[in-house]
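Participant:
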Amino acid sequence: MKNEKLLSIVIASWNTMALTSECLKSIYGLEEFDETIEVIVIDNNSQDGTSEFIKSAFPSVNLICNDSNEGYAPACNQGIKVAKGKYILLLGSDTILKNGCLKACIDFLDRNNDCGAAGCRLVYPDGRLQGNCKKFPMLKNAFYIYLSIDKMNYDYDMHWFKYDKTTAVDQIATTFLMIKGELLKKLNGFDEKYRFLYNDVDLCRRIRKEGKEIYFIESAEIIHYGSYSTSKAPFNIRKKMYSDIFRYYWNYHGFPAMFLLPVLAFRLLAVTTFKR
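In the numbering used here, the protein residues as written are 28 to 303.
Here it is as structure tokens:
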């Protein structure tokens, strides 16, 4: 690959200027940051001055500006296509990186041929642990999730996992997921039919289908604020999000997923009514 980098960091942003700024400051402030790392930000037509700020404050960022909100998956794919890294890090804009997190994951990927992707521990700003590892969802898990019967998803949510050891898992959120560049490009990145949600679950399934493991790395940690972009979504965007959810369960569980439709419709209406 011409002008190959060791690592490409791909960030999709939508109306999160303050958070994206803090994220970029943390990246450039890392002890391990050097010229072998490139940063790519895809701005999905933010209306809060995100792109203008990045151009001014972080001129070395490879900034891609979209004329509309293309969705998370298509935006990330734009970054993946131009990435030159041996490894590609899919990173949420609402994160703060800590020293050593990149090196720990790169070193693990270097040493383990069976590892296709690696994630790390996420904590809230106050230090509380976030659960970012899960098993692949079965259809029953969808009913429990969208009917808010969380206690029934104890095993799916891996509540028993203490995040105190490096181990292979089914899936890790793309809030921070470092993937071997050759593998990610072979998979053509995210399936863009999933515009906003479940694209990460689908990607992890396809990584596993390639015979590669996904590892949680205990020695790497970052701060994650939360899904701020999603929480701001208007009804038309939320409708697409719930369409993504149904698409996933239909693709992997077939006709029985039809019984999930009324649950999702109820949830969408409930959330919309609550927001108003």
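For each residue, glycine too, the CB sits at the ideal point set by N, CA and C. Since this is a predicted model, take the numbers as computed values, not measurements.
Let me check understanding here. Comparing Cα to Cα, which of Thr77, Lys52, Asn126, Asp184 lies closest to Trp41?
Facilitator: Of the candidates Thr77, Lys52, Asn126, Asp184, the one whose C-alpha sits nearest the C-alpha of Trp41 is Thr77.
Participant: Closest to Leu116 by C-alpha separation, out of Lys267, Ile199, Asp218, Ala195, would be which residue?
Facilitator: Here the closest residue by C-alpha is Ile199.
Participant: Could you tell me the alpha carbon to alpha carbon distance between Tyr242 and Asp137, rounded to whole angstroms?
Facilitator: Answer to the nearest angstrom: the Cα atoms are 13 Å apart.
Participant: Ala100 and Asn226 look like a contact to me (Cβ under 8 Å); what is the Cβ gap, rounded to whole Å?
Facilitator: About 4 Å separates the two Cβ atoms, so the contact holds.
Participant: Report the rounded CA-to-CA distance for Thr291 versus Ser83, giving the unit in angstroms.
Facilitator: According to the sequence shown, residue 291 is Leu rather than Thr. The straight-line gap from Cα to Cα measures roughly 42 Å.
Participant: Is the beta carbon of Ile67 less than 8 Å from the beta carbon of Ile249?
Facilitator: Result no, Cβ atoms of Ile67 and Ile249 do not sit closer than 8 Å.
Participant: State the DSSP-derived secondary structure class of Met44, mapped to helix, strand or coil.
Facilitator: Three-state DSSP puts Met44 in a helix.
Participant: Which residues bound the alpha helix (DSSP H) around Glu245?
Facilitator: Where Glu245 is concerned, there is no enclosing alpha helix (DSSP H), although the beta strand (DSSP E) it sits in stretches over 240-251.
Participant: For Met165, which residues in the same chain have their Cβ closer than 8 Å to its Cβ, ignoring the five residues on either side in sequence?
Facilitator: Around Met165: Tyr183, His280.
Participant: With a 10 Å radius around its C-beta and 16 neighbouring C-beta atoms as the bar for buried, classify Lys213 as buried or exposed.
Facilitator: With fewer than 16 other Cβ atoms within 10 Å, it is exposed.
Participant: If you count every other CB in all the chains shown that lies within 10 Å of the CB of Val109, and 16 or more means buried, which is it?
Facilitator: Classification of Val109: exposed, given that the 10 Å Cβ count is below 16.
Participant: Here's a check: name, in chain order, each residue in its chain whose Cβ is nearer than 6 Å to the Cβ of Phe85, leaving out the five neighbours to either side.
Facilitator: Taken in chain order, the residues that qualify are Leu51.
Participant: Does the Cβ-Cβ distance between Phe203 and Gly146 come in under 8 Å?
Facilitator: Cβ atoms of Phe203 and Gly146: closer than 8 Å.
Participant: In the DSSP assignment, what residue or residues form a beta bridge with Tyr114?
Facilitator: According to DSSP, Tyr114 bridges with Leu34, Lys207.
Participant: State the Cα-Cα distance for the pair Thr43 and Asp121, rounded to the nearest angstrom.
Facilitator: Whole-angstrom Cα-Cα distance: 8 Å.
Participant: Which one of Leu230, Ile133, Ile54, Cys92 has the shortest CA to CA distance from Ile244?
Facilitator: It is Ile133 whose Cα lies nearest to the Cα of Ile244.
Participant: By DSSP, does Asp177 sit in helix, in strand, or in coil?
Facilitator: In the structure shown, Asp177 sits in a helix (DSSP, three-state: H, G or I).
Participant: Excluding the five sequence neighbours on either side, which residues of its own chain have a C-beta within less than 6 Å of the C-beta of Ile206, listed in chain order?
Facilitator: Correct list, in chain order: Ile115, Ala144.
Participant: How many Å lie between Trp277 and Glu97 at the Cα?
Facilitator: Looking at the two C-alpha atoms, the distance is approximately 23 Å.
Participant: Can you give me the C-alpha to C-alpha distance between Asp177 and Gly158, rounded to a whole angstrom?
Facilitator: Their Cα atoms are separated by approximately 13 Å.
Participant: Taking the C-alpha atoms as reference points, what is the distance between Lys167 and Gly56?
Facilitator: Going by the C-alpha atoms only, they are around 44 Å apart.
Participant: Would the beta-carbon of Ile107 fall within 8 Å of that of Gly216?
Facilitator: Yes.
Participant: Thinking C-beta only, is Asn104 closer than 8 Å to Glu237?
Facilitator: No, these two residues do not count as a Cβ contact at 8 Å.
Participant: From His251 to Tyr190, what does the alpha carbon distance come to, in whole angstroms?
Facilitator: Approximately 15 Å, taken between the alpha carbons.
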